[in-house]
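Numbers 767 to 1057, taken from this note's numbering, label the letters of the sequence shown in order.
C-beta atoms are modelled at their ideal positions from N, C-alpha and C, and glycine is treated no differently.
The model shown is predicted, which means the values in this text are computed figures rather than measured ones.
In what follows, a single structure is set out as structure tokens and then discussed.
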Amino acid sequence: MATLKDQLIVNLLKEEQTPQNKTKVVGVGAVGMACAISILMKDLADELALVDVMEDKLKGEMMDLQHGSLFLRTPKIVSGKDYNVTPNSKLVIVTVNIFKFIIPNVVKYSPNFKLLIVSNPVDILTYMAWKISGFPKNQVIGSGCNLDSARFRYLMGERLGVHPLSCHGWVLGEHGDSSVPVWSGVNVAGAFLKYLNPSWQWKEVHKQVVDSAYEVIKLKGYTSWAIGLSVADLAESIMKNLRRDDVFLSVPCVVGQNGISDVVKVTLTSEKEACLKSADTLWGIQKELQF
């Protein structure tokens, strides 16, 4: 007996069911879901998979997103606590910390993907993920200072009365207290601010960048939306092969469908010593890690 679907639809050909831009988000906490919704709203994936061990919350988050499918362009949203729910993913975003379990399982089911680490401390955990995965270093990316740079540009724009898109500047080094703003490169429409007003209170802006995460956590308990949007920005470069300059792994790089393809040579003046100190801070931790 024909089903209602058979009566409604006449099938003309067997379609290829393999998604081309499958994205997996590991962890459905506040950050994981902010990443998921940001990616959905930017229409970056033709299939989104959520993975977590908390089955009830996982199913609830999946259903909540599925019920909004009318307003999205991602045709398939799935979830599961087993990593076989996401074979052949193009991009895997990790927002939790159990790396020795997560990374081998992710690699097992999606051997040729780009790995984007969001969990903190992100610089250390990106290094761990690279070591555990055995991937080429261009395939393992950390969200790094992408958000720090976004906060920096926002705060500069607020002070100058212009949109952050018109403010250009980078924060390098550690994603955290020892990060380094590259003052010599900060400009608006090509006008380099440090040369216009060398005595301006530059350090105060960077202090706000460092303190802003702590302030948000104090007020609402965690950060989520800004990092979610930052991750979607990085994901867009990978999925669409935009080859834009983005900051992750704490140095400016060019990112596209192959992961990191180029590293941008930044001319540092007074910031050089601070960058080396930031690198030493991270290496002091990384060299003690056991695998």
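Discussion item. My output table needs one value for residue 1021: the three-state DSSP class, helix, strand or coil.
Written reply: strand
Worksheet item: How many Å lie between residue 958 and residue 937 at the Cα?
Response: 16 Å
Worksheet item: Got a sec? Which residues, its chain only, sit under 6 Å from residue 1019 by beta carbon, not counting five neighbours each side?
Response: 1026, 1029
Practice prompt. Taking 7 Å as the cut-off, decide whether the C-beta atoms of residue 861 and residue 845 are in contact.
Written response: no
Worksheet item: Around the C-beta of residue 906, are 16 or more other C-beta atoms found within 10 angstroms, so that it is buried, or is it exposed?
Response: buried
Worksheet item: From which residue to which residue does the beta strand (DSSP E) around residue 907 run?
Response: 906–908
Fill in: Member of 790, 781, 984 whose CA lies at the smallest distance from the CA of residue 881
790
Discussion item. Tell me the residue span of the alpha helix (DSSP H) that contains residue 995.
Written reply: 991–1005
Worksheet item: Is the Cβ-Cβ distance between residue 804 and residue 995 less than 7 Å?
Response: yes
Worksheet item: Can you list, in chain order, the residues of its chain whose CB lies under 7 Å from that of residue 979, leaving out five sequence neighbours each side?
Response: 989
Item to complete: Could you tell me the distance, in whole angstroms, from the CA atom of residue 842 to the CA atom of residue 928?
Response: 39 Å
Worksheet item: From 854, 811, 815, pick the residue whose C-alpha is nearest to that of residue 838; which is it?
Response: 811
Worksheet entry | Three or more C-beta pairs below 8 Å linking the stretch 958–975 and the stretch 887–907 | no
Discussion item. Please return the same chain residues whose Cβ sits closer than 7 Å to the Cβ of residue 914, not counting the five positions on each side in sequence.
Written reply: 937, 941, 945, 975
Discussion item. When you compare the CB positions of residue 799 and residue 821, do they come within less than 7 Å of one another, or not?
Written reply: no
Worksheet entry | Close beta carbons around residue 969, own chain, < 8 Å, minus the five adjacent residues each side | none
Worksheet item: From residue 777 to residue 933, what distance separates their C-alpha atoms?
Response: 53 Å
Discussion item. Quick check on this structure: which residue in 921, 924, 951 has the alpha carbon closest to the alpha carbon of residue 935?
Written reply: 951
Discussion item. By the DSSP assignment, the beta strand (DSSP E) with residue 792 in it spans what residues?
Written reply: 788–792
Discussion item. Among the candidates 773, 863, 829, whose CA atom is the shortest distance from the CA of residue 793?
Written reply: 863
Worksheet item: Between the beta-carbon of residue 859 and the beta-carbon of residue 801, is there less than 7 Å?
Response: yes
Discussion item. Does residue 958 come out as helix, strand or coil in the three-state DSSP assignment?
Written reply: strand
Worksheet item: Whole beta strand (DSSP E) runs in the stretch 898–958 with 3 or more residues, listed along the chain?
Response: 906–908
Fill in: Rounded C-alpha distance that separates residue 807 from residue 814
12 Å
Practice prompt. Would you decide whether residue 1015 is buried or exposed? Buried here means 16 or more other CB atoms lie within 10 Å of its CB.
Written response: Residue confidence for residue 1015 is low, a pLDDT of 42 falling below 50, so the modelled location carries little weight; the figure read from the coordinates is stated next. With 16 or more Cβ atoms within 10 Å of its Cβ, residue 1015 is classed as buried.
Worksheet item: Taking buried to mean at least 16 other C-beta atoms within 10 Å of its own C-beta, is residue 787 buried or exposed?
Response: buried
Discussion item. For residue 797, which residues in the same chain have their Cβ closer than 7 Å to its Cβ, ignoring the five residues on either side in sequence?
Written reply: 861, 884, 990, 993, 994
Worksheet entry | Buried or exposed by the 16-neighbour rule on C-beta atoms within 10 Å, applied to residue 829 | exposed
Worksheet item: Just reading off the alpha helix (DSSP H) that residue 845 is part of, what are its end residues?
Response: It is not in any alpha helix (DSSP H) - residue 845 instead sits in the beta strand (DSSP E) that spans 843–846.
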